[in-house]
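Numbering (our numbering), first residue to last: -3 to 55.
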């Protein structure tokens, strides 16, 4: 609604992940605001699942 202030639900800053010598994520920063809907899309092997696993605490 107009005038509503959205609160930050989740912030990610400078996320990096490697598997041995393979870099899966490099310097990823995102903000998720309360009430927003997001879609994570990309090519195979670009780090989508890795990012979700980091966000959920698996890694």
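Yeah, the Cβ is synthetic: ideal placement off N, Cα and C, and Gly gets one too.
- Rounded to the nearest whole angstrom, the C-alpha separation of residue 31 and residue 42 is 26 Å.
- For secondary structure counted as the beta strand (DSSP E) over 3 or more consecutive residues, the region 7 to 47 holds these complete runs in sequence order: 18 to 29.
- The C-alpha of residue 19 is placed about 19 Å away from the C-alpha of residue 52.
- A straight line joining the alpha-carbon of residue 14 with that of residue 49 spans about 13 Å.
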